[in-house]
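A.B. asks: Each residue of the sequence shown is one higher than the one before, counting from 274 in our numbering.
Glycine included, C-beta positions come from ideal geometry on N, C-alpha and C.
Encoded as structure tokens, here's the structure I'll be asking about.
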Amino acid sequence: MDKYIYDESNGLWYELQGDYYIPCFTLPTEKEHKPIGLWGPRHKRYLQEHKRAVYTTLLT
274 MDKYIYDESN GLWYELQGDY YIPCFTLPTE KEHKPIGLWG PRHKRYLQEH KRAVYTTLLT
């Protein structure tokens, strides 16, 4: 069997690992910085002040 195959229906490459073909995914080289708008900082502040356990859990 071929080590790599290309599926034209979805445009993905697959790699043979054992008996299964696993999709070949790569992560982007740079992080995308998307603006979180007005409500992102407000929600963060709310979590810090009123839901400390949830905020701490999200950081870990």
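(1) When you compare only the Cα positions, how much space is there between Leu331 and Lys324?
(2) Is the beta carbon of Tyr277 sitting closer than 8 Å to the one on Tyr293?
(3) Thinking C-alpha only, which one of Tyr328, Asp275 and Lys317 is nearest Ile309?
(4) Using only CA atoms, which one of Glu322, Lys304, Asp275 and Ser282 lies nearest to Gly291?
C.D. replies: So, from the listed chains and residues:
(1) 11 Å
(2) no
(3) Lys317
(4) Asp275
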